[in-house]
Every structure is written in structure tokens, then in C-alpha cells.
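In this note's numbering, the protein residues as written are 26 to 204.
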């Protein structure tokens with residue numbers, strides 16, 4: 026779970042019960058920020074390979090729009106003076122815990138250190154997008170994606186593929202601002 030504050034206790038348990046799994050199913054919430062979903066899949070793989078479990082459900086979740094603002098020391102009380110308000114998304118998600126710098130600052134530093142030009146990064150992104158679109162069009166992911174239906178404005182919508190790669194525009198990539 027990327028940003029767990031405000032989502033309630035045991036998000037993995039909530040998701041499992043919401044999906045109709047029995048109460049007897051074991052659940053573990055992983056908190057490794059952006060690596061949470063991948064780590065859960067790695068752990069599931071290892072448990073399957075070891076023979077500990079026969080069936081596993083693994084994945085990730087996040088909701089940046091639900092990330093609350095935090096008020097440190099509010100529980101113990103403030104004396105005289107101003108308090109401090111922290112943005113959970115920045116503080117626990119997008120900033121380094123030691124320097125307080127945004128992840129984008131470190132990405133730029135890494136690009137400078139290893140001489141990754143903006144053009145090379147854009148070319149890589151465009152190539153990756155083309156590969157994703159080709160894989161979707163060829164049906165390469167069909168067995169990996171479970172269709173999901175939801176209702177919007179009274180109409181049932183069925184999602185059968187990752188929609189974002191098909192919506193992306195190659196010519197917009199070089200015009201994107203750095204993070």
C-alpha cells in the first residue's frame with residue numbers, strides 16, 4: 026500500500042474481503058512505498074515456489090487523492106505558537122526521508138551523473154510506449170488482466186485492458202515538464 030494513511034486498518038484484508046475471499050484467507054499489507062505492489066508479487070512467488078501456499082493473490086493499491094494532511098504533535102498538544110501541517114503524499118511518499126528532497130530532484134541528479142540526456146530519455150519512453158501498445162494490440166496481456174466492470178452515470182463499463190498506453194501520444198512526450 027503506497028500511502029496507507031486514511032484508508033483504514035489492514036488495507037489488504039479490506040481488499041480481500043471486498044473481493045469475496047473468505048475470512049480464513051491470510052492477508053499481509055506491504056508498505057514499501059512505490060515498491061509495495063512488486064514486493065507483494067515477489068513474496069507471493071516465493072511462497073508458491075517454496076510450496077508454502079498453493080494459491081496467492083498479490084498486487085498493489087494507492088490513492089494519492091485520498092492522502093491526508095498530517096499534524097505532528099497534535100495528539101500531545103501544542104503550547105503557544107504555530108503548528109506544522111505535513112502533506113502525507115509528499116512526506117511519506119514523494120520526498121526522501123533524510124534530505125526532504127522530492128524524488129524528481131534525485132532523478133535529475135542521476136540523469137546528470139550518468140549523462141542521460143532528455144532526448145535519450147524521451148526516445149526510451151517512446152520505444153517503451155510503442156512496445157506496450159503493440160503488446161496490447163497483439164493480445165499479449167489478455168491472460169494477465171481480469172476484466173473489471175463498474176457503473177458510471179448509470180451505464181455499465183467493462184475494462185478489459187490497460188487503457189492508458191492507448192491514450193498516450195508520442196508527440197507529447199518531449200513536451201512534458203520534468204517531475
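Glycine is no exception: its CB is placed at the ideal position from the N, C-alpha and C atoms. Just so you know, these numbers come straight off a predicted model, no measurement behind them.
Item                                                                                                                                      : Value
Residue 173 bridges to which residues according to DSSP?                                                                                  : 184
Between residue 69 and residue 92, how many whole angstroms is the CB-CB distance? I'm expecting something under 8 Å.                     : Incorrect: roughly 26 Å between the Cβ atoms, too far for contact.
Between the segment 108-117 and the segment 173-180, can you find at least three pairs of beta-carbon atoms closer than 8 Å?              : no
Starting from residue 134, trace the alpha helix (DSSP H) in both directions and tell me its first and last residue.                      : 128-138
Can you pull the DSSP bridge partners for residue 121?                                                                                    : Bridge partners of residue 121: none, in fact.
Start and end of the alpha helix (DSSP H) containing residue 61?                                                                          : 61-75
Alpha carbons only, please: which of 42, 36, 85 is nearest the one belonging to residue 17?                                               : The shown model of the chain, from 26 to 204, leaves out residue 17, and the question about it has no answer.
Are residue 147 and residue 203 closer than 7 Å when you measure CB to CB?                                                                : no
Pull up the distance between the alpha-carbon of residue 120 and that of residue 94, whole angstroms please.                              : 15 Å
Sort 66, 76, 187, 101 by Cα distance to residue 154 and report the nearest one.                                                           : 187
So what does DSSP say about residue 107, is it helix, strand or coil?                                                                     : coil
In its own chain, which residues sit with a C-beta less than 7 Å from the C-beta of residue 97, not counting the 5 before and 5 after it? : 109, 111
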